[in-house]
Amino acid sequence: MTQPRPIRTVRGVRDILPGETVRWQRVEAEARRVFEAHGYREIRLPLFERTELFARGIGETTDIVEKEMYTFQDRSGESLTLRPEATASLLRAYIEHGLHVQPKPVRLYTLGPMFRYERPQAGRYRQFHQINVEALGEAHPALDAEVIGMLMELFRALGLAERLALQVNSIGDEACRPAFRERLAAYLREHAGELCPECRGRIERNPLRVLDCKRPGCQPLIDKAPSILEALCPGCREHFERVRGYLDALGLAYRVNPRMVRGLDYYVRTTFEVLTEELGAQNALAGGGRYDGLIQALGGPPDPGIGFAIGVERVTLLLGAGPDGPLPTALLIPLGEAALTALLPLAQAARRHGVGVEVAYGRKLRGELERAHRLGVPYVVIVGEDELRADRATLRDMASGAQRAIPLDRLPEELAALGRPG
RNA sequence: GUGAGCGUAGCUCAACGGUUAGAGCACUGGACUGUGGCUCCAGGGGUUGAGGGUUCGAAUCCCUUCGCUCACCCCA
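According to the working numbering, numbering within the first sequence proceeds without interruption in unit steps and concludes at 1238.
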């Protein structure tokens, strides 16, 4: 009989092992705490939707829709897609359930896996995880600042603030962007010869993208290109100035980057990114912006909206390795069958008192003590024939080696007291 | 989708084209019968990613393929 070959993970997909889940739990818990302190509530969304939702919501000509979606037909022949981002789904739910009748802004957050068919790389996976925030139905610039401020507050709470940089920009709206786009394209056409081939191709398709080019050769030209900020219409200009004023009032450090361009088609006015220099090419930890008009484009009310997405993998990469996670307070070591039978209900009782307890099976005392030491468990309880005769357990402090006898029936309470140090 | 680098034990890595592919860590057992951290000994573990080719002989050279990594691209 031959051993079957083990099956391995699919490319670009990975397991998050126990040593790492500790960090994930921390990120998620801090996010929930910070967001809920701002009045945001969780919404949970399906992992797949009708393909059309993403085509309409993200933009037919974006890279995501054109070549990165996991699209398949279900048994009824309908075209479905694993979500490549969360905003479209969230807005669909907002519209479908009439959440727009709630007091505005409607503040929501969600988290979970997204799927994009890309070549994996440091900080980039085919199944990756985002934490999303969306604030819907309110156009006030203070909401932009609230959302951005909340994002930075989360990074501060995670101890990452000093290693990150916040950039903000305004990319105008339908009133001013088309004209700017033409001006920029005209400028680029004039200097097409000095641009890299990729950028030359972008001049007509999406000239704003040229501004985002990282090739050194294109930089001088980009530096001298017309700035979107000078081309903003009065409405966008005022909105951006007020957003900046509120950011200043919040005491947030940021850089205005007039060349920041975001990859999704739906953004208007405020856009922002949180960047790091520690993760190689995948330097964006979070990004977002305002998307007034998108909800209507998806068949909903004419409500404005703003939101962001955080890349959880990238955040946990930055957090680095930490403690391996919560340990039980005590390892209970029974010596023999009678002791095991006596300890099982006591372990259960201790857990009901809220203390973490692990029971050892079958090994010699020496081996179990060694295991307890290596696990880092602070206390060990030994129950053998001697203890059973006296109706006692031996409690050992692993750090000091000190031992004392405690009555068996007092064991759960004693352990619970140890589990609440200080 | 494009390019480059790399695939040897669970992990980190050795092995000039030449005997039966090794070491450290980890794991299991013993020295030590109910007391951890140290030390010593022993043991389990490998289709050298896979397939083909060259050769008397391949972990080593060649081709193909898969995977990983990094970068382009894109973005979280």
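Heads up, the beta-carbon is just placed ideally off N, CA and C, and yes, glycines get one too.
All values derive from a computational prediction rather than experimental measurement.
| query | result |
| --- | --- |
| So what does DSSP say about E918, is it helix, strand or coil? | At residue 918 the sequence reads Gln, which differs from the Glu that was named. It is coil, neither helix nor strand. |
| At the level of alpha carbons, what is the spacing between P1118 and G893? | 33 Å |
| Between which two residues does the alpha helix (DSSP H) harbouring P1050 extend? | 1050-1065 |
| What residue does the alpha helix (DSSP H) around H1189 start on, and which one ends it? | 1181-1191 |
| Rounding to the nearest angstrom, what Cα-Cα distance links E1174 and V1197 in this structure? | 10 Å |
| For the alpha helix (DSSP H) containing G774, list its first residue and its last residue. | Lying outside 817 to 1238, the shown extent of the chain, residue 774 is not represented and no answer is given. |
| What residue range does the beta strand (DSSP E) around A1100 cover? | 1100-1106 |
| Taking just the CA atoms, how far does L1156 sit from L980? | 53 Å |
| Put D1096 into one of helix, strand or coil per three-state DSSP. | Sequence inspection shows Gly at residue 1096; the Asp mentioned does not correspond to that position. In the structure shown, G1096 sits in coil (DSSP, three-state: anything other than H, G, I, E or B). |
| Is R972 helix, strand or coil when you go by DSSP? | helix |
| Could you tell me whether the Cβ atoms of G873 and P921 are closer together than 7 Å? | no |
| Count the other C-beta atoms from every protein chain shown that fall within 10 angstroms of the C-beta of E1184, then say buried if there are 16 or more, exposed otherwise. | buried |
| G1238: buried (16+ other C-beta within 10 angstroms of its C-beta) or exposed? | With a pLDDT of only 46 at G1238, under the threshold of 50, the placement of this residue in the model should not be trusted; the figure read from the coordinates follows. When all chains shown are included, G1238 counts as exposed. |
| Checking the sheet assignment: what are the DSSP bridge partners for Q1112? | Bridge partners of Q1112: none, in fact. |
| As a quick exercise: from R1106, R1130, L1114, G1127, pick the residue whose alpha carbon is nearest that of G1121. | R1106 |
| On the DSSP bridge list, what partners appear for I1019? | Note: I1019 sits in no beta bridge, so no partner. |
| How about A847 and I947: are their beta carbons less than 7 Å apart? | yes |
| Could you check what DSSP says for I832 in three-state terms: helix, strand or coil? | coil |
| Under 7 Å Cβ to Cβ from Q1098, same chain only, skipping five residues before and after it: list those, please. | Q937, A938, G939, R940, R1130 |
| Does DSSP put P957 in a helix, a strand or coil? | helix |
| If I follow the unbroken beta strand (DSSP E) through P1223, where does it start and stop? | 1219-1223 |
| Suppose the cutoff is 7 Å on Cβ atoms and the five residues either side in sequence are ignored; what does the same chain contact list for D1207 look like? | P1223, L1224 |
| Let me know the beta strand (DSSP E) ranges lying completely inside the stretch 857-912, each 3 residues or longer, listed in chain order. | 864-866, 886-889, 895-898 |
| With a CB to CB cut of under 6 Å and the five nearest residues on each side skipped, what residues in its chain are close to R1075? | L1027 |
| May I ask you to report which of helix, strand or coil DSSP gives V826? | coil |
| Tell me R923's beta-bridge partners as DSSP assigns them. | A951 |
| Quick one: is Y1177 buried, meaning 16 or more other Cβ sit within 10 Å of its Cβ, or exposed? | exposed |
| List the residues that DSSP assigns as beta-bridge partners of M930. | F944 |
| Determine which residues share a DSSP beta bridge with V984 and list them. | V1072, F1088 |
| What does DSSP give as the partner residues of T837 in its beta bridges? | Looking at the DSSP assignment, T837 forms no beta bridge with any residue, so it has no partner. |
| Is DSSP giving P1228 helix, strand or coil here? | helix |
| With C-beta atoms as the reference, is T1145 less than 7 Å away from G1235? | yes |
| Using DSSP with H/G/I as helix, E/B as strand and the rest coil, what is R1078? | coil |
| Do you know how far the Cα of A1163 is from the Cα of E1153? | 15 Å |
| From what residue to what residue does the beta strand (DSSP E) around R1208 run? | 1208-1213 |
| Is the beta carbon of R1089 sitting closer than 7 Å to the one on Q983? | Strictly speaking, residue 1089 in this sequence is Glu, with Arg absent from that position. Yes, Cβ-Cβ distance for E1089 and Q983 is below 7 Å. |
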